[in-house]
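A.B. asks: This is the structure I want to talk about, given as C-alpha cells.
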Amino acid sequence: MARQHLRLPSRQFSRSMGIRRHFDYFAIDKSPEEKNRKITINATHVEYESEKRHYGHIDCPGHMDFVKNMITGAAQMDGGILVVAANDGCMPQTREHLLICSQIGLPALVCFINKCDMMQGQEDMIELVEMEVRELLEKYKFPAEETPFVRGSAVKALEGDAENEEKILELVKKCDEWIPDPPRATDKPFLMAIEHVFEVGKDKKAVVVSGRVDQGQMKVGADAELSGFSAKKLTVKVASIEMYHKILEDCMPGDSVGAKIVGSGETVNLSKENVERGMVLSAPGATTLFNKVRAQVYVLTKEEGGRHTAFSPHYRPQLFFHCADVTADINFPESEKLAGELNKKYGRDAAEQKKKEAELKEFEKTLVCMPGDNRELLLTLAYPMPMEKGLKFTIREGKITVGWGSVTECLALDPKVSIEGIKHTKAVTGKGKKK
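Okay, structure coming up:
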C-alpha cells in the first residue's frame, strides 16, 4: 500500500483502536533530511495489522521533486491510500501519482481528505476538494463514485483527539473492505526486484538486498542469480531472510524482505560494488537479459502533465520499471524498416556507409511522435536488463512523466552496442553500471 503523506497512528492510539502492531512516525521519515524538511523523500516500508489483514505499508514521497522515488514504491503496491490536503486541494503531484497508479494497474484506492481541522466552518470547500478528487479518479479510470472517502486530520489523531482517532480507524476499515486481496503467483520461479542494497557485519563484507517478492518462493540456502546492468549474471546463495526484523526460513509473493546473499560458483568475492538498486534477484534461469525491445507507448499530452512538444528518433529519456531506471534510445519502426532496406541497397561497402547514414538521417527528420500519440516504438537500453513481454514501464524526462508503455516483444541482447553506438565495454566485461 502507499500514500502521499498520511502518518500511521501513535502508540497510544494503536492500542486503543486494537491495531496489533504499529510503527511510530519516525520509523517512516527517519533520515535527517526527511526530519528537517518534514517531507518524505524515499519510499519506506513499515508494517501494521488490522483485524482482517497484515499490511506492508510503503510510504511514498508526495513532494513534486521526489516523484521519481515514488515510482519505485508504486511498482510494488497492491492498493493505495491517496491523501489530499483540504486546504490545498489537488496538486500537480496528485495528478501524477494517480497517473502512475493507473499505469501500473493499481486495483483500488481509498482517499483521505487531510487537514480538515484547518477548514472548520468551510464544509463547502471540503466538498469542492472531494469533487475535484473524484473527477481526477474518473479521468484516470478509477471508480470515482464508489471509491470511499474519509475526512479527518492526521495531526489531531496523533495528538490524541478522539474524533480524529476514529477517522483513522475508519480509514483502516475502508482499506479492509475496499481493497481486494491480491492474487499471488506462487507457482512461478522466484523473482524480486532490488530496492535497497546494504553492507552488514563488522568487516562490511556481507551484502543484504531488500525488495518485494514479485513471484515464486525462495528458501534459505537456495541458489539464486543477480541480473541487470551487465551482460553477465552473478551466481549467489541466499544465506538468510528477514521481514520486519523477523527471521524467516522462506519468503513468498508480496513479502517485503531483506535477504543476505553470498557469492557462489564463479562469483567468489561478492560486495556492494557488484550489486545495486534495480537489479533482480531470481531463481537460476528465471530471467533473460535484453537491451533491445519493442513496446507500445502512450505519450502524455501537455494537459496530462507531459511534454509540450513532439520528439524525434533517438530521443533519450529514462525508463522506470521494477526498481530500475535506465536511459533508453527511442527509435521508430519506420526508421528500422528503412535501415534494413538501405543495408540491402548499399551492402557492407565502407565507402557507401556515409551515403546510407545521410539518407537515413534525412528520413528520420520527417518522423515525430506527438503528445497524445499511442504507437509502437523501438527501445535500446543503456544496459542489458531482465525484460519480458508485458512488462510495464514509465517514461520520464527531468521532473515530468512523458508517457508509459508495455513491452510487446523482446528483440535482442547486443552487448557490443550501447545507446551511443560505440562498443559497450562495461556490458562485455560484466563490470556493470558505473557508480
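Going by the working numbering, the first residue of the sequence shown is number 7, and it counts up by one from there. Even glycine gets a Cβ: it sits at the ideal position worked out from N, Cα and C. Just so we're clear, the structure is a prediction, and the values are computed from it rather than from any experiment.
1. Who pairs with Y304 in a beta bridge, going by DSSP?
2. Assign N349 to one of three DSSP states: helix, strand, or coil.
3. Pick out the complete beta strand (DSSP E) segments inside the region 92 to 126, 3 residues or longer, and give them in chain order.
4. Mind the definition here: the region 185 to 201 touches the region 214 to 227 only if three or more C-beta pairs lie below 8 Å; say whether that holds.
5. Whole angstroms is fine: what's the gap from P421's alpha carbon to T153's?
6. Report yes or no: do the region 401 to 415 and the region 298 to 306 share at least 3 C-beta pairs separated by less than 8 Å?
7. Thinking C-alpha only, which one of S159, K350, M393 is nearest F524?
8. Between the alpha carbons of E382 and L325, how many angstroms are there, rounded?
9. Expressed to the nearest angstrom, what Euclidean distance is found between the alpha-carbon atoms of E255 and D261?
10. Quick check on the DSSP output: the alpha helix (DSSP H) that includes V139 runs from which residue to which?
11. Going by DSSP in three states, E365 sits in which element: helix, strand or coil?
12. Can you look up E57 in the DSSP assignment and give me helix, strand or coil?
13. What runs of the alpha helix (DSSP H), each 4 residues or longer, lie entirely inside the region 140 to 190?
14. I think V203 touches R313, with their Cβ atoms under 8 Å apart; what is that distance to the nearest whole Å?
15. Could you compute how far the alpha carbon of T386 sits from the alpha carbon of D335?
16. Does the region 177 to 188 come into contact with the region 145 to 162, if we say contact requires no fewer than three beta-carbon pairs (one atom in each stretch) closer than 8 Å?
17. Going by DSSP in three states, A292 sits in which element: helix, strand or coil?
18. By the 10 Å Cβ neighbour count, where 16 or more other Cβ atoms means buried, how is G111 classified, buried or exposed?
19. Does any residue of chain B have a CB that is nearer than 7 Å to the CB of H60?
20. So for N275, helix, strand or coil by DSSP?
21. On the criterion of 16 or more Cβ atoms from any shown chain inside 10 Å, does V206 qualify as buried, or is it exposed?
22. Does the beta-carbon of R354 have 16 or more other beta-carbons within 10 angstroms, so that it is buried, or is it exposed?
23. Kindly list the residues whose CB is nearer than 6 Å to the CB of Y321, restricted to its own chain and excluding five residues on each side of it in sequence; keep chain order.
24. Using the C-alpha atoms, what's the distance from R190 back to P290?
25. Please list the terminal residues of the continuous beta strand (DSSP E) segment that includes E231.
26. Looking at the secondary structure, which residues open and close the beta strand (DSSP E) in which F326 lies?
27. Could you tell me the distance, in whole angstroms, from the CA atom of E169 to the CA atom of V226?
28. Nearest-angstrom Cα distance between A163 and V408?
29. Over the uninterrupted beta strand (DSSP E) stretch that includes R402, give me the two end residues.
C.D. replies: From the atom records:
1. The residue labelled residue 304 in the question sits at position 298 within the sequence shown. BP columns for Y304 point to N380, W410.
2. Reading the sequence shown from its first residue, position 343 is the one you call residue 349. N349 sits in a helix when the DSSP states are folded into three classes.
3. List check, beta strand (DSSP E) in window: 115 to 120.
4. Taking 8 Å as the limit for Cβ pairs, the verdict is that the region 214 to 227 does touch the region 185 to 201.
5. The residue given as residue 421 occupies position 415 in the sequence shown. The residue given as residue 153 occupies position 147 in the sequence shown. Rounded to the nearest angstrom, the two C-alpha atoms are 47 Å apart.
6. Yes: the two stretches touch, three or more of their Cβ pairs being nearer than 8 Å.
7. Here the chain has residues from 7 to 441 only, and residue 524 is not among them.
8. The residue you call residue 382 lines up with position 376 of the sequence shown. The residue you call residue 325 lines up with position 319 of the sequence shown. For E382 and L325, the distance between alpha carbons rounds to 16 Å.
9. As a position in the sequence shown, residue 255 is number 249, starting the count at 1. As a position in the sequence shown, residue 261 is number 255, starting the count at 1. Looking at the two C-alpha atoms, the distance is approximately 13 Å.
10. Counted from its first residue, the sequence shown places residue 139 at position 133. Per DSSP, the unbroken alpha helix (DSSP H) holding V139 starts and ends at 129 to 145.
11. Taking the sequence shown and counting its residues from 1, one reaches residue 365 at position 359. Here E365 sits in helix by DSSP.
12. Along the sequence shown, one-based indexing puts residue 57 at 51. The answer is coil: DSSP assigns E57 none of H, G, I, E or B.
13. You should have 160 to 164, 168 to 184.
14. Reading the sequence shown from its first residue, position 197 is the one you call residue 203. Reading the sequence shown from its first residue, position 307 is the one you call residue 313. Rounded to the nearest angstrom, the Cβ distance from V203 to R313 is 33 Å, too far for a contact under 8 Å.
15. Taking the first residue of the sequence shown as position 1, residue 386 is located at position 380. Taking the first residue of the sequence shown as position 1, residue 335 is located at position 329. When rounded, the distance between both Cα atoms is 5 Å.
16. The way I'd put it, the region 177 to 188 does touch the region 145 to 162; three or more beta-carbon pairs between them come closer than 8 Å.
17. Along the sequence shown, one-based indexing puts residue 292 at 286. Note: A292 maps to coil in three-state DSSP.
18. As a first step, residue 111 must be located in the sequence shown, where it is residue number 105. That one is exposed.
19. Chain labels in this structure do not include chain B; a single protein chain is all it has.
20. The residue labelled residue 275 in the question sits at position 269 within the sequence shown. Residue state for N275 is assigned as coil, using DSSP reduced to three classes.
21. In the sequence shown, the residue the question calls residue 206 occupies position 200. Result: exposed.
22. As a position in the sequence shown, residue 354 is number 348, starting the count at 1. Exposed.
23. Translated into the one-based positions of the sequence shown, residue 321 becomes position 315. Within the same chain, I336 come within 6 Å of Y321 by CB-CB distance, once the 5 residues on both sides are set aside.
24. Within the sequence shown, residue 290 is the residue found at index 284, counting from 1. Within the sequence shown, residue 190 is the residue found at index 184, counting from 1. Separation of P290 and R190 (C-alpha to C-alpha, rounded to the nearest whole angstrom) is 20 Å.
25. Here the question's residue 231 lines up with position 225 in the sequence shown. From DSSP, the beta strand (DSSP E) with E231 extends over 229 to 233.
26. As a position in the sequence shown, residue 326 is number 320, starting the count at 1. It spans 324 to 327 - the beta strand (DSSP E) in which F326 sits, taken as one unbroken run.
27. Walking along the sequence shown from the start, residue 169 turns up at place 163. Walking along the sequence shown from the start, residue 226 turns up at place 220. Take the alpha-carbon of E169 and the one of V226: they are about 46 Å apart.
28. As a first step, residue 163 is located in the sequence shown; it is residue number 157 there, counting from the start. As a first step, residue 408 is located in the sequence shown; it is residue number 402 there, counting from the start. Take the alpha-carbon of A163 and the one of V408: they are about 38 Å apart.
29. Here residue 402 is taken as the residue at index 396 of the sequence shown, counted from 1. In this chain, the beta strand (DSSP E) harbouring R402 covers 398 to 403.
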